[in-house]
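Chains E and V, in that order, are what the protein sequence lines are. Start counting the first sequence at 68; every next residue gets the next number (my numbering). Start counting the second sequence at 14; every next residue gets the next number (my numbering). C-beta atoms are modelled at their ideal positions from N, C-alpha and C, and glycine is treated no differently. Predicted model only: the values in this text are computed from it and were never measured.
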Amino acid sequence: MSARAGRLGLEVGVTALIFAAIWLFTTSSDSYLVVALPDMLSRFREVWLFDRVGSDLVPSLVRMTYGYVTAVVVGVVVGVAIGLMPLLRALTHPLISFMRAVPPIALLPPAIIVLGLGNSMRVFIIAFVCVWPVLLNAADGTAELNKTLTDTARVYGLSIGQRLRFVILPAASPRIFAGMRTSLSFAVLLLVTSEWIASTNGVGSFLIQAQQTFRITDMWAAIILLGLLGYSLNQVFSLVERRVLRWHLRSTATSA
Amino acid sequence: MSVLDVAKAPAGRLSAWRSAARVPLVRRPGGRTLLGVIGSLGALALWELAVAVGVLPAQDVPPASEVLSELVRLLGESAFWNAVWRTLAGAAVGLGIAIAVGVPIGMLMGTSRLVHHALRPTVEFLRPVPGVALIPLAVLIWGQSVRAVWALVAFACVWPMLVQALYGAQGVDEVARDTARSFRLTRADRVRWLLIPSALPYIATGIRISASMALIVAVSVELLTGAPGLGSSIVRAQEATRFTEMYALIVASGILGIAINLAFGRAERYFLRWHQSQRPGEEA
């Protein structure tokens, strides 16, 4: 019990020390880029609690959600289909690996040329970039299913629907979640950068406008917001992952 | 490969041919590569067709044949290789910084519970921070300099390096650790013969994961800040409406990404061939 209290004290204490060091650094620095931490935080409160939430944060999150959810659905459906067909998988494998390897942001210029600067371009580019990690992992996860598992399912005469529901999707889900995690970071990346060009609202647009007009405190407020956004998205994702993969984690924990 | 097998087959060539023909192409050695080539050619043909028929607007998307011949032309240009070199160098320096910072901290956190608990909340909070949020700041500090690339690549790659080194240091076999202790190995010897060898496979995996990420981040930062390299070449081609060149550069960056994945995968297997995780037939 006291050991646990000691650990907690250590975690809180050292973190507080690091925080204090940053505070001290920001208040004593002469650089125009460094803003005192209290000013940063009060600006953050003014801007993001909750003045610009409706006008900037919500539009950004809506775009990201549409793009990301589309990518996950398409990636899982197409990926599992490819994984079930060895011939199709062999045919498409180099293409999918290539699309997965292209730096996501490199696709932004062509997306702007073809689709213009509207909202649909921003949703499309997020979906397009996020689909490949999910697709690749869903295909690999499905194709590398345990042979005993699939044979057993066949011997018991499971229909394709039942096999998908009870065998394939659960067995491939750890891989699918790994792909979804990569895609989530791509989504945040494109959410921010797709708003840097000719966007009137959104977190990314706020950030870049603050930087270009040297509103340094606003820029820091946006950086803090994006940090918190990344942190909370990660927490929510881990929560969902633990829920969905609870059986998997439990089985690996007992076998280890 | 299958032809060779047939030639080597001792009994009845004809029956060997027959059995080879019965094996589907997917399962035959080399068959997957062949199918991959066929599939890629098919995708290029589809692209060509889509532009010719007008599904893709020809003024925005050039046909595949033009992009490929443009790529071939670029391969003869020193400016292209210069951009590739700058991108690779920027990614490599950033990755080097990430390894130099992430591995020692990760190993410290993995060996000492004190350090682990002291740093855990800070690491857990900073790790998911999207590096892209820091690009505007990096531009104000370094402008279009390669330093912005170094800093952001390092920020992106330091977390996988740190976490892998942490797992690696925690993964030291307990029997080996007790053995080392009972033989009274010094602290330095334990680090050299116990900690580093057992952490290396994890660190190698971290480097492989980080290497492809380093390339992605380097190209992205160049593209967004204008620091010289493949990314800024893409933007310049776009701004000059040389769209064919732009697509050729994007294709080149994808090929570079695949090459890095393959190279680091191979290197990992080669350098860690002494480790059991890399030997065939054994579970890692």
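Exercise for the section: Answer yes or no: do Trp163/V and Ile222/V have a C-beta to C-beta separation smaller than 9 Å? Expected result: Within the second sequence, the letter at position 150 stands for residue 163/V. Within the second sequence, the letter at position 209 stands for residue 222/V. Between Trp163/V and Ile222/V, the C-beta spacing is not below 9 Å.
Exercise for the section: Taking only beta-carbon positions, decide if Thr135/V is within less than 9 Å of chain E. Expected result: Here the question's residue 135/V lines up with position 122 in the second sequence. Yes, its Cβ sits closer than 9 Å to a Cβ of chain E.
Exercise for the section: Can you grab the Cα-Cα spacing for the pair Glu235/V / Val102/E, in whole Å? Expected result: Counted from its first residue, the second sequence places residue 235/V at position 222. Counted from its first residue, the first sequence places residue 102/E at position 35. If you take the alpha carbons of Glu235/V and Val102/E, they lie about 26 Å apart.
Handout entry: the stretch 202 to 217 of chain V contacting the stretch 247 to 264 of chain V, beta-carbon criterion three pairs below 8 Å
Key = Contact between the stretch 202 to 217 of chain V and the stretch 247 to 264 of chain V is absent, because fewer than three Cβ pairs lie under 8 Å.
Exercise for the section: Please report how far the alpha carbon of Arg249/V lies from the alpha carbon of Ala146/V, in whole angstroms. Expected result: Counted from its first residue, the second sequence places residue 249/V at position 236. Counted from its first residue, the second sequence places residue 146/V at position 133. Cα to Cα, Arg249/V sits roughly 23 Å from Ala146/V.
Practice task
Confirm, please, whether the CB-CB distance from Gly107/V to Val232/V is below 9 Å.
Solution key: For the purposes of this step, residue 232/V is taken as residue 219 along the second sequence, with counting starting at 1. For the purposes of this step, residue 107/V is taken as residue 94 along the second sequence, with counting starting at 1. Between Val232/V and Gly107/V, the C-beta gap is not smaller than 9 Å, which leaves the two residues out of contact.
Practice task
Please list the partners that Ile263/V has in chain E, where partner means a Cβ-to-Cβ separation under 9 Å.
Solution key: The residue you call residue 263/V lines up with position 250 of the second sequence. What Ile263/V touches in chain E, judged by beta-carbon distance under 9 Å, is Val169, Pro170, Ala173, Leu174, Pro176 and Pro177, going in chain order.
Practice task
For Asn204/E, I'd like the list of residues in its chain whose CB is within less than 6 Å of its CB, leaving aside the five on either flank, ordered along the chain.
Solution key: Taking the first sequence and counting its residues from 1, one reaches residue 204/E at position 137. Arg242, Ile243, Ala245 and Gly246, listed in sequence order.
Practice task
Count the other CB atoms, across all protein chains shown, that sit within 10 Å of the CB of Ser305/E; report buried if there are 16 or more and exposed otherwise.
Solution key: To locate residue 305/E, count along the first sequence from 1; it is residue 238. The residue is exposed, with fewer than 16 neighbouring Cβ atoms inside 10 Å.
Handout entry: chain E contact residues for His288/V, given Cβ-Cβ distances below 8 Å
Key = Counting from one through the second sequence, the residue named residue 288/V turns up at place 275. By Cβ distance, chain E contributes nothing, its closest Cβ being about 19 Å from His288/V, past 8 Å.
Practice task
List the residues of chain V that Leu158/E touches, going by C-beta distances under 8 Å, in chain order.
Solution key: Taking the first sequence and counting its residues from 1, one reaches residue 158/E at position 91. Going along chain V in sequence order, the residues near Leu158/E (Cβ under 8 Å) are Leu48, Gly49, Ile51, Gly52 and Gly55.
Handout entry: Host alpha helix (DSSP H) of Pro143/V (start-end)
Key = Working through the second sequence from its first residue, we reach residue 143/V at position 130. Here Pro143/V belongs to no alpha helix (DSSP H), and DSSP marks it neither H nor E.
Practice task
Give the interface partners of Pro153/E over in chain V, defined as CB-CB distance under 7 Å, in chain order.
Solution key: Sequence index remark: in the first sequence, residue 153/E carries index 86 (1-based). Under a criterion of Cβ atoms nearer than 7 Å, the residues of chain V adjacent to Pro153/E are, in order, Val39.
Practice task
Whole angstroms is fine: what's the gap from Leu30/E's alpha carbon to Trp314/E's?
Solution key: The first residue shown for chain E is 68 and the last is 323, placing residue 30/E beyond what the model contains.
Practice task
Look at the alpha carbon of Asp118/E and the alpha carbon of Leu275/V, and state the distance between them as a whole number of angstroms.
Solution key: Taking the first sequence and counting its residues from 1, the one referred to as residue 118/E is at position 51. Taking the second sequence and counting its residues from 1, the one referred to as residue 275/V is at position 262. Straight-line Cα distance between these residues: approximately 48 Å.
Practice task
Closer than 9 Å by beta-carbon distance: list the chain V residues that pair up with Thr82/E, in chain order.
Solution key: On the first sequence, residue 82/E is found 15 positions in, with the first residue counted as 1. What Thr82/E touches in chain V: Ala131, Leu132, Arg133, Pro134, Thr135 and Phe138.
Practice task
Establish whether the CB of Ile268/V and some CB of chain E are separated by less than 9 Å.
Solution key: In the second sequence, the residue the question calls residue 268/V occupies position 255. Closer than 9 Å: yes.
Practice task
Would you mind listing the alpha helix (DSSP H) stretches within the stretch 189 to 223 of chain V that are 4+ residues and don't spill past its ends, in chain order?
Solution key: If we require 4 residues or more, the alpha helix (DSSP H) runs fully inside the stretch 189 to 223 of chain V come out as 200 to 203.
Handout entry: Limits of the unbroken alpha helix (DSSP H) element including Gly76/E
Key = The count along the first sequence starts at 1 and reaches residue 76/E at position 9. Where Gly76/E is concerned, the enclosing alpha helix (DSSP H) stretches over Ser69 to Ser95.
Handout entry: Beta-carbon proximity list for Ser245/V, same chain, < 6 Å, skipping 5 on both sides
Key = By 1-based counting over the second sequence, the position of residue 245/V is 232. Glu235 and Gly239, listed in sequence order.
Problem - Ser261/E classed as buried or exposed, judged by whether at least 16 other C-beta atoms fall within 10 angstroms - result: Here residue 261/E refers to the residue found at position 194 when the first sequence is read from its first residue. When all chains shown are included, Ser261/E counts as buried.
Problem - Exposed unless 16 or more other CB atoms sit within 10 angstroms - verdict on Ile227/E - result: Locating residue 227/E in the first sequence gives position 160, where the first residue counts as 1. Exposed is the label assigned to Ile227/E, since fewer than 16 other Cβ atoms lie within 10 Å of its Cβ.
Handout entry: C-alpha gap between Val142/V and Ser252/E, whole angstroms
Key = Here residue 142/V corresponds to residue number 129 of the second sequence, with the count starting at 1. Here residue 252/E corresponds to residue number 185 of the first sequence, with the count starting at 1. Straight across, the Cα-Cα distance linking Val142/V with Ser252/E is about 10 Å.
Problem - 6 Å Cβ shell around Ile271/V - same chain, five flanking residues per side excluded - result: Residue 271/V sits at position 258 when you count from the first residue of the second sequence. Nothing meets the Cβ criterion.
Handout entry: Proximity to Thr46/V [Cα-Cα], best of Phe92/E, Val129/E and Leu154/E
Key = Translated into positions along the second sequence, residue 46/V becomes position 33. Among Phe92/E, Val129/E and Leu154/E, the Cα nearest to that of Thr46/V is on Leu154/E.
Handout entry: Exposure label - Gly119/V; buried when at least 16 CB within 10 Å
Key = Position 106 of the second sequence holds residue 119/V. Counting the other Cβ atoms within 10 Å of the Cβ of Gly119/V gives 16 or more, which makes it buried.
Practice task
Would you mind reading off the limits of the alpha helix (DSSP H) that contains Phe281/E?
Solution key: In the first sequence, the residue the question calls residue 281/E occupies position 214. Element bounds for Phe281/E: n/a, residue is neither H nor E.
Handout entry: Exposure of Asp123/E, with buried meaning 16 or more beta-carbon neighbours within 10 Å
Key = Position 56 of the first sequence holds residue 123/E. By the neighbour-count definition (other C-beta atoms within 10 Å, threshold 16), Asp123/E is a buried residue.
Practice task
Under 8 Å between beta-carbons, which chain E residues line up against Ile154/V? List them in chain order, please.
Solution key: Here residue 154/V refers to the residue found at position 141 of the second sequence. The contacting residues are Leu100.
Exercise for the section: Measuring alpha carbon to alpha carbon, tell me which of Gly267/V, Thr218/V, Gln251/V and Gly115/V ends up nearest Tyr283/V. Expected result: In the second sequence, residue 283/V corresponds to position 270, counting from 1. Nearest in C-alpha terms to Tyr283/V, of all of Gly267/V, Thr218/V, Gln251/V and Gly115/V, is Thr218/V.
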